[in-house]
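Numbering (our numbering), first residue to last: 1275 to 1583. Positions of the beta carbon are idealized from the N, C-alpha and C atoms, including for glycine.
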């Protein structure tokens, strides 16, 4: 009888542990989607991880949830909205050009990127454009454009009227503008262009670079106030000279290069003996290099460096 009593006393604990395990499995099945949503909203992988972890803590303390996916999306989105308010203040005083934290996406870190639209939704180019939006506009745009939520669903997540969601979406699309038609051929061809472009950069071959660059090409470098250029470099001739000059820097002889998928596109991974030095994302449009975005800020490379381990 005593044994039976002890077993009975343990039953609630066993059921509770089973419930916790079920909750954990449910959350893990949603984690990649939540991280992808938070990253698109914030442009920061480190902050996105923080938001996902905070969402998990709230999930553990919540009561029964009828539709877990919708509940989790609502919580992580609203946490990101709060974080965006302070992020905008920090970025306004940021030293030099601000770029998103790079994320290696070959392993599905930001969810499926099987279509041009899905790759576009995580590209550095679009994430920079999203900085033009206020937090609510950005949330509506991301939920609609990247995740395909209907306006009724968006309104439910954000706690607004459906008509307001439609208004915010229209305003966001106008403020983002029509992005340049991106190169949408096969990825191997895109990678060949990036390889050729970077070979010309390493060789300091100005003439070849000029042939490969679009007339209105722009090069950004985010060093977080370090040695990177504080202003974007614009125009074919100037960008060609700027890029060709990189091969003459003292550290150039000590670095190694590799090509990886970053934010849905082929990019150049630049390493030095101490670790990851830079990630150079190359945007292609109509077969030419339309933009070069190089992240050198060590704080912004921490997540990508951890992915490589």
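Any alpha helix (DSSP H) of 4 or more consecutive residues that is wholly inside the stretch 1414–1497: Fully enclosed alpha helix (DSSP H) runs of no fewer than 4 residues occupy 1425–1432, 1436–1450, 1461–1477 and 1480–1486 of the stretch 1414–1497, in order along the chain.
On the premise that residue 1521 lies in contact with residue 1475, defined as a C-beta separation below 8 Å, what is that separation, rounded to the nearest angstrom? The residue given as residue 1475 occupies position 201 in the chain shown. The residue given as residue 1521 occupies position 247 in the chain shown. Your pair residue 1475 and residue 1521 checks out as a contact, with CB atoms roughly 7 Å apart and the cut at 8 Å.
Would you decide whether residue 1386 is buried or exposed? Buried here means 16 or more other CB atoms lie within 10 Å of its CB. Indexing the chain shown from 1 puts residue 1386 at position 112. Label assigned to residue 1386: exposed.
Restricting to Cα atoms, I'd like to know which of 1313, 1325 and 1330 is closest to residue 1299. Indexing the chain shown from 1 puts residue 1299 at position 25. Comparing Cα positions, the closest option is 1330.
Considering only DSSP beta bridges, list what residue 1507 is partnered with. Translated into the one-based positions of the chain shown, residue 1507 becomes position 233. Residue pairing for residue 1507: DSSP places it in a beta bridge opposite 1493.
Bridge partners of residue 1533, per DSSP? Along the chain shown, read from residue 1 onward, the residue named residue 1533 stands at position 259. Residue 1533 pairs with 1542.
Same chain, Cβ closer than 6 Å to residue 1306, five either side skipped, listed in chain order: Counting from one through the chain shown, the residue named residue 1306 turns up at place 32. So the list reads 1385, once near-sequence residues are dropped.
Host beta strand (DSSP E) of residue 1297 (start-end): Locating residue 1297 in the chain shown gives position 23, counting from the first residue. The continuous stretches of beta strand (DSSP E) do not include residue 1297, which lies in the alpha helix (DSSP H) extending over residues 1276–1316.
For the alpha helix (DSSP H) holding residue 1329, just list the boundary residues, first then last. Here residue 1329 refers to the residue found at position 55 of the chain shown. Unbroken alpha helix (DSSP H) run through residue 1329: 1319–1335.
Range covered by the beta strand (DSSP E) that runs through residue 1549: Working through the chain shown from its first residue, we reach residue 1549 at position 275. Where residue 1549 is concerned, the enclosing beta strand (DSSP E) stretches over 1549–1559.
Specify the secondary structure class of residue 1369 as computed by DSSP and reduced to three states. Numbered from 1 along the chain shown, position 95 holds the residue referred to as residue 1369. Three-state DSSP puts residue 1369 in coil, outside helix and strand.
Coarse secondary structure for residue 1389, derived from DSSP in three states: Here residue 1389 corresponds to residue number 115 of the chain shown, with the count starting at 1. The DSSP-derived three-state label of residue 1389 is coil.
Going by beta carbon distance, what residues of the same chain come within less than 7 Å of residue 1532, once the five residues before and after it are set aside? Translated into the one-based positions of the chain shown, residue 1532 becomes position 258. Spatial neighbours of residue 1532 in its own chain (CB-CB distance under 7 Å, excluding positions within 5 residues in sequence) are listed in chain order as 1543.
Opposing strand residues paired with residue 1563 [DSSP bridges]: Taking the first residue of the chain shown as position 1, residue 1563 is located at position 289. Paired residues: 1487 and 1558.
Distance CB(residue 1439)-CB(residue 1538) smaller than 8 Å: The count along the chain shown starts at 1 and reaches residue 1439 at position 165. The count along the chain shown starts at 1 and reaches residue 1538 at position 264. Cβ atoms of residue 1439 and residue 1538: not closer than 8 Å.
Where does residue 1609 fall in DSSP's three states? Because the chain in this structure spans residues 1275 to 1583, residue 1609 falls outside the shown range and cannot be described.
According to DSSP, which residues form a beta bridge with residue 1513? Locating residue 1513 in the chain shown gives position 239, where the first residue counts as 1. For residue 1513, no pairing in a beta bridge is given by DSSP.
Would you kindly work out how many angstroms separate the C-alpha atoms of residue 1420 and residue 1315, rounded to a whole number? Mapped onto the chain shown, residue 1420 falls at position 146. Mapped onto the chain shown, residue 1315 falls at position 41. Roughly 11 Å separates the two Cα atoms.
How would you write the range of the alpha helix (DSSP H) that residue 1383 sits in, first residue to last? In the chain shown, counting from the first residue as 1, residue 1383 sits at position 109. For residue 1383, no alpha helix (DSSP H) run applies, since DSSP gives it neither H nor E.
Contact between the stretch 1348–1361 and the stretch 1510–1520 (3+ Cβ pairs under 8 Å): Flag = no, the stretch 1348–1361 and the stretch 1510–1520 do not touch.
Between residue 1448 and residue 1473, what straight-line distance do the alpha-carbon atoms span, to the nearest angstrom? To locate residue 1448, count along the chain shown from 1; it is residue 174. To locate residue 1473, count along the chain shown from 1; it is residue 199. For residue 1448 and residue 1473, the gap between their C-alpha atoms comes out near 38 Å.
The stretch 1398–1411 / the stretch 1421–1428 touching (three or more Cβ pairs under 8 Å): Touching, no.
Tell me the rounded alpha-carbon separation between residue 1430 and residue 1348. Taking the first residue of the chain shown as 1, we reach residue 1430 at position 156. Taking the first residue of the chain shown as 1, we reach residue 1348 at position 74. Their Cα atoms are separated by approximately 8 Å.
For residue 1406, does the count of other Cβ atoms within 10 angstroms reach 16, so buried, or fall short, so exposed? On the chain shown, residue 1406 is found 132 positions in, with the first residue counted as 1. The residue in question, residue 1406, is exposed, as its Cβ has fewer than 16 Cβ neighbours within 10 Å.
State the Cα-Cα distance for the pair residue 1372 and residue 1486, rounded to the nearest angstrom. For the purposes of this step, residue 1372 is taken as residue 98 along the chain shown, with counting starting at 1. For the purposes of this step, residue 1486 is taken as residue 212 along the chain shown, with counting starting at 1. In a straight line, the C-alpha of residue 1372 is about 25 Å away from that of residue 1486.
According to the neighbour-count rule (16 or more other Cβ atoms, all chains shown, within 10 Å of its Cβ), is residue 1381 buried or exposed? The count along the chain shown starts at 1 and reaches residue 1381 at position 107. Classification for residue 1381: exposed.
Which of helix, strand or coil DSSP assigns to residue 1349: Taking the first residue of the chain shown as position 1, residue 1349 is located at position 75. In the structure shown, residue 1349 sits in a helix (DSSP, three-state: H, G or I).
For residue 1541, which option in 1568, 1494 and 1366 has the closest C-alpha, if you only look at C-alpha atoms? Sequence index remark: in the chain shown, residue 1541 carries index 267 (1-based). Minimum Cα distance to residue 1541 is reached at 1568.
By the three-class DSSP mapping on this structure, what secondary structure does residue 1569 have? As a working mapping, residue 1569 is identified with position 295 in the chain shown. Strand at residue 1569.
Burial state of residue 1321 (16 or more Cβ within 10 Å): Indexing the chain shown from 1 puts residue 1321 at position 47. Answer is buried; the Cβ neighbour count reaches 16.
Expressed to the nearest angstrom, what Euclidean distance is found between the alpha-carbon atoms of residue 1491 and residue 1534? On the chain shown, position 217 is the one that residue 1491 refers to. On the chain shown, position 260 is the one that residue 1534 refers to. The alpha-carbon separation between residue 1491 and residue 1534 amounts to approximately 22 Å.
Contact check, residue 1411 vs residue 1362, beta carbons under 8 Å: Along the chain shown, one-based indexing puts residue 1411 at 137. Along the chain shown, one-based indexing puts residue 1362 at 88. Result no, Cβ atoms of residue 1411 and residue 1362 do not sit closer than 8 Å.
Thinking C-alpha only, which one of 1297, 1580 and 1578 is nearest residue 1343? Against the chain shown, residue 1343 aligns to sequence position 69. Its Cα nearest to that of residue 1343, the residue 1297 stands out among 1297, 1580 and 1578.
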